[in-house]
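Trainee: Sharing a structure, written as structure tokens. Questions coming.
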Amino acid sequence: MKLTELEKKMRGGVAGDVIAEAMDYLIQFGEAFGAEKLVDINYCHYPAEMGIYYGDIDDLVKYAARGAKVRVPTTTSTLCADLEKPWITGIPGKLAELQAKVEPAHRSMGILETYTCTPQLLGFVPPFGSYIASVESSAIIYFNSVLGARTNRGGLFTRFSAVTGKYPLMGYLLKENRYGTHLFNVRIPVKRLQTYDAWCALGFIIGKIVGSEIPVIQLPITKFQDPILQRTDWLLGLGAALATSGSVTLFHIPGVTPEARTVKEAFKNGKVPKNVYEIREKDLDDVYHQVNNIPSGADIDFVTLGCPHYNLAQIAYVARQLEGKHISRGVRFWICTNRMTRKQAEYSGYIKKIEDAGAKVVADTCPVESHMRQSTCREYGLEVPNVRNMVTDSVKMVRYVKDLIGCNTVLTDTDKCIQSALKGKCANTNGTNNYE
3 MKLTELEKKM
13 RGGVAGDVIA
23 EAMDYLIQFG
33 EAFGAEKLVD
43 INYCHYPAEM
53 GIYYGDIDDL
63 VKYAARGAKV
73 RVPTTTSTLC
83 ADLEKPWITG
93 IPGKLAELQA
103 KVEPAHRSMG
113 ILETYTCTPQ
123 LLGFVPPFGS
133 YIASVESSAI
143 IYFNSVLGAR
153 TNRGGLFTRF
163 SAVTGKYPLM
173 GYLLKENRYG
183 THLFNVRIPV
193 KRLQTYDAWC
203 ALGFIIGKIV
213 GSEIPVIQLP
223 ITKFQDPILQ
233 RTDWLLGLGA
243 ALATSGSVTL
253 FHIPGVTPEA
263 RTVKEAFKNG
273 KVPKNVYEIR
283 EKDLDDVYHQ
293 VNNIPSGADI
303 DFVTLGCPHY
313 NLAQIAYVAR
323 QLEGKHISRG
333 VRFWICTNRM
343 TRKQAEYSGY
353 IKKIEDAGAK
363 VVADTCPVES
373 HMRQSTCREY
383 GLEVPNVRNM
393 VTDSVKMVRY
403 VKDLIGCNTV
413 LTDTDKCIQS
423 ALKGKCANTN
433 GTNNYE
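End of the sequence shown = 438 in the working numbering, gap-free, step of one.
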């Protein structure tokens, strides 16, 4: 790998042992994938070490104690606890105390305490074509696809990028690796694509087909209109689902995403593949039939919204729907978001309306990353499964909780999630009626 004089000095220890070690890891990593050089990154989304993983917190604390400092703006991903209000999730006190040790360590390193899977909603919007390093699959695919920034799935190497400001020039940082591989023509009536969960279901279908490759998605929509959610929320849900059923890191929607103004532009040299997939309404229905295993009218004990984390407009909508009402006894209702959005929602009066109804606005975490995991419940003597019947509008949540929490699930639209929480019963979730 070709290194600049400064990079050679950094590797040689002129900036200290932490930087030298990080440079060495990045260089070995890049050479393993044939990278010719390192590039400067302008932003990093960092893995927020979690108390549910053995040794994570101790490793972070020791790393920070070595004097590690980040060189670029660095946000952090989700935790297993709501650090500001740990009691609202029912987390064991000992686990919450362990998780809280990340804050002083992150502060000493200069890492921003965002603790969210959606840092782009907080103003961290890297420019088109810029190099970044990121964790969190839904953030990565959004950065790549919607913003046109360039990142791979960073994993542990985001730590080394954060403290050096470097990353190997490889993978999705290279333009030749960012062209589409599959074309999907979506033949679903527009009225079926008017809810967040429908976009999640669409992504789930396509992700299963493409795996780790790059789908180009032609939609039956030329103008996005919705009175509840902005199209960025739909794209966020779509991307999260693509990265869940497959390991998609980049998608293109001609006319919407920045690198594909047309179908031809999405493919290398304009060559559209011969194998074209058509996604029809029945395919969408099949997703609901596949993931939904709670009968309509059955008792439910958990409703969750905010996977990925909800924005302020979404929280405001839930607050309006809950105002003057109360969720059913025995139902836990979480709306997950980041701590900055929660503070604004509190200022705007939305939190009070939601809490008066018996629901919780949870920050820093989500059910999948929380103490409700089966392994963590066993470790801390909690009931397993901690949740039995969950209703959600996120296919990502549905996909992971079945294995990690061990509960039954239903994917449905936001309104039916709220209805289920109020009644304590699973709302009508027949896929063909999901938009009515």
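For each residue, glycine too, the CB sits at the ideal point set by N, CA and C.
1) Our contact map puts residue 48 next to residue 78 with C-beta atoms below 8 Å; I'd like the distance itself, whole angstroms only.
2) Could you spell out where the beta strand (DSSP E) holding residue 392 opens and where it closes?
3) With H, G and I counted as helix, E and B as strand and the rest as coil, what does DSSP make of residue 169?
4) Using only CA atoms, which one of 51, 23 and 83 lies nearest to residue 96?
5) Comparing C-alpha positions only, which one of 101, 22, 91 and 71 sits nearest to residue 60?
6) Looking at C-alpha atoms only, which residue of 395, 155, 402 and 407 is the closest neighbour of residue 386?
7) If you draw a straight line from the alpha carbon of residue 420 to that of residue 281, how long is it in whole angstroms?
8) For residue 147 and residue 254, what's the separation of their Cα atoms in angstroms?
9) Report the residue from 414, 139 and 63 whose alpha carbon sits nearest the alpha carbon of residue 110.
10) Which residue or residues does DSSP assign as beta-bridge partners of residue 323?
11) Tell me which residue opens and which closes the alpha helix (DSSP H) that residue 291 is part of.
12) Find the nearest neighbour of residue 20 within the set 70, 379 and 53, judged by alpha-carbon distance.
13) Is residue 135 helix, strand or coil by DSSP?
14) In chain order, what residues of the same chain have a beta carbon less than 6 Å from the beta carbon of residue 376, not counting five sequence neighbours either side?
15) Return the first residue and the last residue of the alpha helix (DSSP H) that residue 254 is part of.
16) Quick one: what's got a C-beta closer than 7 Å to residue 404's C-beta in the same chain, skipping five residues either side?
17) What are the start and end residues of the alpha helix (DSSP H) that includes residue 27?
18) Would you mind giving the Cβ-Cβ distance between residue 446 and residue 324, rounded to the nearest angstrom? I have them listed as a contact below 8 Å.
19) At what residue ranges does the segment 31–62 contain a whole run of the beta strand (DSSP E), taking only runs of 3 or more?
20) Is the distance from the Cβ of residue 15 to the Cβ of residue 22 below 7 Å?
21) Identify, in the order they occur along the chain, each residue of the same chain with its Cβ nearer than 6 Å to the Cβ of residue 73, setting aside the five sequence neighbours on each side.
22) Using DSSP's beta-bridge definition, name the partner residues of residue 84.
23) Looking at the structure shown, is residue 126 part of a helix, part of a strand, or coil, going by DSSP?
24) Starting from residue 338, follow its DSSP beta bridges and name the residues at the other end.
25) Have a look at residue 402 and residue 329 and give me their C-alpha separation to the nearest angstrom.
26) Taking C-beta to C-beta, are residue 418 and residue 299 nearer than 7 Å?
27) What I want to know is whether the C-beta of residue 350 ends up closer than 6 Å to one or more non-hydrogen atoms of the ligand ZN.
28) Whole angstroms is fine: what's the gap from residue 265's alpha carbon to residue 350's?
29) When you compare the CB positions of residue 190 and residue 283, do they come within less than 7 Å of one another, or not?
Mentor: Quick look at the numbers:
1) As a first step, residue 48 is located in the sequence shown; it is residue number 46 there, counting from the start. As a first step, residue 78 is located in the sequence shown; it is residue number 76 there, counting from the start. Between residue 78 and residue 48 the Cβ distance is about 5 Å, and since that is below 8 Å, they are a contact.
2) Counted from its first residue, the sequence shown places residue 392 at position 390. For residue 392, the enclosing beta strand (DSSP E) starts and ends at 391–394.
3) For the purposes of this step, residue 169 is taken as the residue at position 167 of the sequence shown. DSSP places residue 169 in strand when its eight states are reduced to three.
4) As a working note, residue 96 is residue 94 in the sequence shown. That would be 83, whose Cα lies nearest to the Cα of residue 96.
5) Here residue 60 refers to the residue found at position 58 of the sequence shown. Closest by alpha carbon: 101.
6) Within the sequence shown, residue 386 is the residue found at index 384, counting from 1. Ranking the options by Cα distance to residue 386, first place goes to 407.
7) Working through the sequence shown from its first residue, we reach residue 420 at position 418. Working through the sequence shown from its first residue, we reach residue 281 at position 279. Roughly 29 Å separates the two Cα atoms.
8) As a position in the sequence shown, residue 147 is number 145, starting the count at 1. As a position in the sequence shown, residue 254 is number 252, starting the count at 1. Rounded to the nearest angstrom, the two C-alpha atoms are 6 Å apart.
9) Counted from its first residue, the sequence shown places residue 110 at position 108. Here the closest residue by C-alpha is 63.
10) Position 321 of the sequence shown holds residue 323. The partner list for residue 323 (beta bridge, DSSP) is empty, contrary to what the question assumes.
11) Reading the sequence shown from its first residue, position 289 is the one you call residue 291. Element bounds for residue 291: 283–293.
12) Taking the first residue of the sequence shown as position 1, residue 20 is located at position 18. Comparing alpha-carbon positions, the option among 70, 379 and 53 lying closest to residue 20 turns out to be 70.
13) On the sequence shown, position 133 is the one that residue 135 refers to. Looking at residue 135 - three-state DSSP - the assignment turns out to be strand.
14) For the purposes of this step, residue 376 is taken as residue 374 along the sequence shown, with counting starting at 1. In chain order, 386 and 408 place their CB closer than 6 Å to the CB of residue 376, counting only its own chain and leaving out the 5 sequence neighbours on each side.
15) Translated into the one-based positions of the sequence shown, residue 254 becomes position 252. Per DSSP, residue 254 lies in no alpha helix (DSSP H) segment and is marked neither H nor E.
16) Along the sequence shown, one-based indexing puts residue 404 at 402. Correct list, in chain order: 411.
17) Your numbering for residue 27 matches position 25 in the sequence shown. Residues 19–34.
18) Residue 446 is absent from the model: the chain starts at 3 and stops at 438.
19) With a minimum length of 3 residues, the unbroken runs of beta strand (DSSP E) contained wholly in the segment 31–62 fall at 40–42 and 46–48.
20) Here residue 15 is taken as the residue at index 13 of the sequence shown, counted from 1. Here residue 22 is taken as the residue at index 20 of the sequence shown, counted from 1. Yes, the Cβ-Cβ distance between residue 15 and residue 22 is below 7 Å.
21) Counting from 1 along the sequence shown, the entry for residue 73 is found at position 71. Excluding residues within five positions, the ones whose Cβ falls inside 6 Å are 167.
22) As a working mapping, residue 84 is identified with position 82 in the sequence shown. Under DSSP, residue 84 shares a beta bridge with no residue.
23) Reading the sequence shown from its first residue, position 124 is the one you call residue 126. DSSP, read as helix, strand or coil, puts residue 126 in coil.
24) Looking up residue 338 in the sequence shown gives position 336. According to DSSP, residue pairing for residue 338 in a beta bridge involves 364.
25) On the sequence shown, residue 402 is found 400 positions in, with the first residue counted as 1. On the sequence shown, residue 329 is found 327 positions in, with the first residue counted as 1. Put simply, the backbone Cα of residue 402 is about 25 Å away from that of residue 329.
26) Translated into the one-based positions of the sequence shown, residue 418 becomes position 416. Translated into the one-based positions of the sequence shown, residue 299 becomes position 297. Between residue 418 and residue 299, the CB-CB gap reaches or exceeds 7 Å.
27) Here there are no bound small molecules, and the ligand ZN is not part of this structure.
28) Taking the first residue of the sequence shown as 1, we reach residue 265 at position 263. Taking the first residue of the sequence shown as 1, we reach residue 350 at position 348. Straight-line Cα distance between these residues: approximately 43 Å.
29) Your numbering for residue 190 matches position 188 in the sequence shown. Your numbering for residue 283 matches position 281 in the sequence shown. A contact, by the Cβ cut-off of 7 Å.
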